[in-house]
Structure formats: structure tokens, C-alpha cells
Amino acid sequence: MQSVDLQTYCDITNIQEPEISKTKVPTGMWTVNAIGRLGNLMGEYATLYALAKMNGHQAYILPEMHNQLAKIFKITLPVFQSEVLNHIKWKNYGLHDWMSDEYRHIEGEYVHFRGYPCSFTFYHHIKDEILREFTFHDFIKEESNNYLRSIIGDKKNVTFVGIHVRRGDYVHVMPNTWKGVVADKGYLQKAMDYFRQKYENPLFVVTSNGMDWCKQNINNSLDDVHFAGDGKEGSPGRDFALLAHCNHTIMTIGTFGIWVGYLVGGETIYLSNYTLPDSPFLKLFKYEAAFLPEWIGIPADLSPLLNKKP
């Protein structure tokens, strides 16, 4: 496959939906693999939704995707049973992680997308529809808002800033496989200070799969940090919903944080340039296709990687 100039697709003003007859009924069955964690599944769902609509075909999702997403969101794409996969001659179609021109003209009535797509360049032109698909169930909204209200205390004019700190396997995978780093103490301090200087009473809500590290490295001297879930890692769905009900976002790395920022719609700060220039990760991932241009990037400290080099 040949891809076109990425800048064309990272300029969101250029992402236009092709003209499709308003009377044309979507045909065929298009689907996508259901692999990865919550953020991956959301990216796969949104990309399938957008590409199927763009090409005039009906999207369906696998039960395993439905089971994970439908318990959190009011998704609408129909589901087919896994055994159907074995009775249809599918056209397997690999996707890379950003929109390319050939994806506007995909042939086939029965297309099965493969990959881990999670880029706004696929679906930002129908953002309102994607946000509707990822509307939380009412009981989740209520639970999240009640939780946020409960931690305000006697503070007035509170601005909630959700922080997602991805650690876990990434602590080892990033330096050893991808020549990259995860967010460090300095990055989080800079990101939090941005909101402390801009808003009267920011309240930071932290979720992570490395809460012990967060407690040791996030400065709470101003008593404006709340470690969600009694300081323990919660379920991905619950943590995601809590962060998505905040006003702004500080993310580190990973699709989970990207989707939080996309749904929140406020200011989003992200870790930028977190790999060495020769990282193999950059063959699969493009910063400009992952992070919206209005988001604020803070460059990572790559010195731990540079110090390792002979």
C-alpha cells in the first residue's frame, strides 16, 4: 500500500467525507478485529464506523468488542456471532495507524480490518457521531459525577483535571523494545503546574496501573491531588469514566489517555517526543496523527536512554 503525505490528513480541515448518495443503503458486512485493551477497542470501533460509512458499507462488530464496550457506552453498531467469521470469505485488510487516501476507496462487500488503528485522522470529520457512540450509560455518568462531587470538600470554583499515568508493562517495554520512555516526575510536575497557574482551584484526579509510584512521585504539597479508588488501580471502565467526566486531561502514553482527552474536549497535555529518533516505534506511530493539533505537548526527558548508549 502507498500512503499519501501525512500532513494532508493531519490537517483536520482537509478531512472530508466523500460524497455518498443519501439514498444509498449500506451493503455488505465490514468488521474489525477486537484486540487490545479499552483504548485499542475504542480506536478499532471508531475507525470501523468511519471507514464503513465513508465507503458505503454496513459495519458490524464482534461479540468480544460488544461485550467490553457496551457495558460502558451506548454504542449502536450491530453485532454478529463469532461463528459467522468462519462462513464468510473475508477480505482481510491491514490498517496502519493514520488515514491514507486508499482507505477512501476500499473494494469488497465483506471486509475484515486488521491492526490497532487509533488516530483522529480516520474519524475526526464525524466527531459528533463518534462522541455519540461513546456516550456513557446514565448510571456510569451518575457514579462518576457523584464521586467528583464527594472529593471537592469545601473548595469553591473547582476545575477537575484528570491524570492517567500508564506504567505497568510499559515501564520495561518502552526502553527495551521501543527505545522510549514513560512519563517521569518532571513531566507530571510541569503539566500540573500549567493548570495550577491557569485555574483558581484545580483538583487533580489520578488513575494509574502504578499507583504506588504515583503516590511517591506526584507532588501533593498543595493538597490538590486525589488518588482515585482509595489509591488503588480501579477497573479500566470505571477509571476511564471518572477521567472523562473531568474538565481537562493530563495523559502520559497509550490509547487510554488519548481517548480520555478526545472525549473530555477540554485542554489536554500529552508527553511528546518520548522515543529516540531511530525508534522502530516511529514506523508504526506518528505523533501528528495521534494528538490533536490544539493539544499541548511537553517533550519527554530522554536522558535515561542517552546515558545507556555506549
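The sequence shown begins at 1 in the working numbering and counts up one residue at a time. C-beta atoms are modelled at their ideal positions from N, C-alpha and C, and glycine is treated no differently. Just so it is clear, the structure is predicted and the values come from calculations on it, not from any experiment.
- Relative to the Cα of Asn40, the nearest Cα in the group Tyr116, Asp97 and Val111 belongs to Tyr116.
- Remark: three or more beta-carbon pairs, one from each stretch, lie closer than 8 Å, so the segment 159-166 and the segment 242-256 are flagged as touching.
- Put simply, the backbone Cα of Asn146 is about 27 Å away from that of His66.
- Using a C-beta cut-off of 8 Å, the segment 101-116 makes contact with the segment 52-59, since at least three inter-stretch Cβ pairs fall below that distance.
- By the neighbour-count criterion, in which 16 or more other beta carbons inside 10 Å mark a residue as buried, Asp239 falls on the buried side.
- Of all alpha-carbon atoms in Val79, Pro26 and Phe160, the one lying nearest the alpha-carbon of Tyr45 is that of Val79.
- Around the CB of Glu107, fewer than 16 other CB atoms lie within 10 Å, so the residue is classed as exposed.
- Listed as beta-bridge partners of Tyr93 by DSSP are Phe113.
- Taking all protein chains in view, the Cβ of Ile152 is surrounded by fewer than 16 other Cβ atoms within 10 Å, so the residue is classified as exposed.
- Straight through space, the alpha carbons of Phe227 and Lys283 are spaced by roughly 35 Å.
- The DSSP-derived three-state label of Thr47 is helix.
- Each of Leu188, Pro202, Asp224 and Lys179 was checked against the Cα of Trp213, and the nearest Cα belongs to Leu188.
- Separation of the CB atoms of Asp301 and Gly186 is rounded to 6 Å, and the pair is thereby assigned contact status at 8 Å.
- The C-beta separation of Asn201 from Val173 comes to about 37 Å, leaving the pair out of contact by the 8 Å criterion.
- Note: Trp178 is not bridge-paired with any residue in the DSSP secondary-structure output.
- Excluding residues up to 5 positions away in sequence, Asn209 and Gly210 lie with their Cβ nearer than 8 Å to the Cβ of Gly168 in the same chain.
- DSSP places Thr255 in the helix class (H, G or I) of the three-state scheme.
- Per DSSP, Thr121 lies in no beta strand (DSSP E) segment; the continuous alpha helix (DSSP H) that holds it begins and ends at Phe120 to Tyr123.
- Taking the C-beta atoms as reference points, Ala241 is found no nearer than 7 Å to Val260.
- Put simply, of Asp224, Gly28 and Tyr270 the residue whose alpha carbon is nearest the alpha carbon of Tyr60 is Gly28.
- Per DSSP, the beta-bridge partners of Ser272 are Pro299.
- Here Leu222 is exposed, its C-beta having fewer than 16 other C-beta atoms within 10 Å.
- Exposure of Asp278 is indicated by the presence of fewer than 16 other C-beta atoms within 10 angstroms of its C-beta.
- In terms of Cβ geometry, Lys190 and Ile296 do not form a close pair [threshold 7 Å].
- Annotated as proximal: Gly43 and Thr255, with beta-carbon spacing under 7 Å.
- Taking 7 Å as the cut-off, the beta carbon of Phe160 is found closer than this to the beta carbon of Leu203.
- Check the Cα spacing between Leu69 and each of Phe195, Asp193 and Phe134: the tightest is with Phe134.
- Close CB contacts of Ile88 within its chain, under the 6 Å cut and outside five residues either way in sequence, are with Tyr110 (chain order).
- Taking the Cα of Asn220 as reference, the smallest distance to any Cα among Gly237, Tyr199, Ser235 and Met192 is reached at Met192.
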